[in-house]
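Number 70 in UniProt numbering belongs to position 70 of the sequence shown; there are no gaps in the numbering.
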Amino acid sequence: MNDAAAPRLLVVDDDAELVDLIAGFLRDHHLTVDTAADATAMDAALARQRYVCVILDLMMPGEDGLSVLRRLRTRDRTPVIMLSAMSEDVDRIVGLEVGADDYLGKPCNPRELLARVRALLRRAAERGAEPAPGSPRRRFGDWGLDLVERVLHRTGFPQAPLTDAEFRVLTAFLDRPQRVLSRDTLIELAKGSDADVFDRAIDVTISRLRKKLGPGDPIRTIRNEGYMFALRPEEG
1 MNDAAAPRLL
11 VVDDDAELVD
21 LIAGFLRDHH
31 LTVDTAADAT
41 AMDAALARQR
51 YVCVILDLMM
61 PGEDGLSVLR
71 RLRTRDRTPV
81 IMLSAMSEDV
91 DRIVGLEVGA
101 DDYLGKPCNP
111 RELLARVRAL
121 LRRAAERGAE
131 PAPGSPRRRF
141 GDWGLDLVER
151 VLHRTGFPQA
161 PLTDAEFRVL
171 TAFLDRPQRV
181 LSRDTLIELA
191 KGSDADVFDR
201 AIDVTISRLR
211 KKLGPGDPIR
221 TIRNEGYMFA
231 LRPEEG
């Protein structure tokens with residue numbers, strides 16, 4: 001594959017040895033990889049270039065990965081895979097809550113990281129191949145979802161860009177309104193059976209969605225069963 005045509009990723013980590021290992025492995029598998037040692041270098045790279053994915057370390061000198069991700073999510077929906085030597089579930093959950101699309105513990109297996117990157121690229125390709133029926137926006141109650149830009153609109157509220165996970169969960173609800181969906185069903189619909197997703201990750205994604213939908217959001221928790229989307233969408 002020509003490097004000019006290869007998907008371009010950014011690896012942000014101050015561990016030079018690990019960065020060389022990850023970048024070399026990904027390049028050997030037909031991906032173009034840029035690197036940055038800290039948040040300042042990351043900002044400079046993002047100002048110059050668009051990336052299909054950012055691989056971001058949690059613990060870095062200066063601004064840490066969570067702070068970087070919070071700041072990034074105010075303006076950018078580029079998929080982010082977070083890396084961390086902190087393997088506790090709470091750290092993973094916090095990363096997902098802030099807006100990471102995936103999370104891997106360090107030291108990570110480069111083959112697993114490659115599989116996660118390919119899964120993100122595959123989902124992006126699937127979105128691009130899906131035609132919007134009649135209109136690129138789906139409407140439900142006071143809300144509108146832009147299917148191309150993946151942005152929530154609501155009169156009187158700021159626009160809310162959605163992460164990959166949030167978009168997939170919301171569209172799963174919109175395709176199955178007023179039906180109770182278990183966590184396992186939502187995992188299957190939103191992530192696919194090849195993803196390493198646990199129940200709490202779905203809870204986190206739905207919590208983020210509710211915040212972006214704002215007051216009166218139509219997602220209902222059905223005790224001991226799962227979730228239900230209370231509104232029936234209309235096209236156009």
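Each residue gets a CB set at the ideal place from its N, CA and C atoms; glycine is no exception.
**Study point:** Bridge-paired residues (DSSP) for Val54
**Key:** Locating residue 54 in the sequence shown gives position 54, counting from the first residue. The partner list for Val54 (beta bridge, DSSP) reads Leu10, Val80.
Point to revise | Of the residues Asp101, Phe140, Val180, the one placed nearest Arg123, counting alpha carbons only | key: Looking up residue 123 in the sequence shown gives position 123. The option with the nearest alpha carbon to Arg123 is Asp101.
Exercise for review: Output yes or no for whether 7 Å exceeds the beta carbon distance between Pro7 and Val80.
Suggested key: Indexing the sequence shown from 1 puts residue 7 at position 7. Indexing the sequence shown from 1 puts residue 80 at position 80. For the 7 Å CB-CB criterion, Pro7 and Val80 do not form a contact.
Review point. Do the region 175-186 and the region 155-165 touch if we need at least three Cβ pairs shorter than 8 Å?
Key: Verdict: no, contact absent.
**Study point:** Separation of Leu170 from Leu209, as counted between CA atoms
**Key:** For the purposes of this step, residue 209 is identified with residue 209 of the sequence shown, where counting begins at 1. For the purposes of this step, residue 170 is identified with residue 170 of the sequence shown, where counting begins at 1. Our two residues, Leu209 and Leu170, have alpha carbons roughly 8 Å apart in a direct line.
Review point. So who's on the other strand from Thr35, going by DSSP bridges?
Key: Here residue 35 refers to the residue found at position 35 when the sequence shown is read from its first residue. Val11.
Practice item. With Leu66 as the anchor, note down where its alpha helix (DSSP H) starts and where it stops. Key: Residue numbering aside, residue 66 sits at position 66 when the sequence shown is read from its first letter. Its alpha helix (DSSP H) spans residues 65-73.
Review point. What number of angstroms, rounded off, separates the C-alpha of Pro218 from the C-alpha of His30?
Key: The residue labelled residue 218 in the question sits at position 218 within the sequence shown. The residue labelled residue 30 in the question sits at position 30 within the sequence shown. Using only the alpha carbons, I get a separation of about 43 Å.
Point to revise | Opposing strand residues paired with His153 [DSSP bridges] | key: Your numbering for residue 153 matches position 153 in the sequence shown. DSSP lists Gly144 as the beta-bridge partner residues of His153.
Point to revise | Residue nearest to Met60 in terms of C-alpha spacing, selected from Arg220, Arg77, Val11, Arg27 | key: Stepping through the sequence shown from its first residue, residue 60 is reached at position 60. Looking at the Cα atoms, Val11 is the closest of the given residues.
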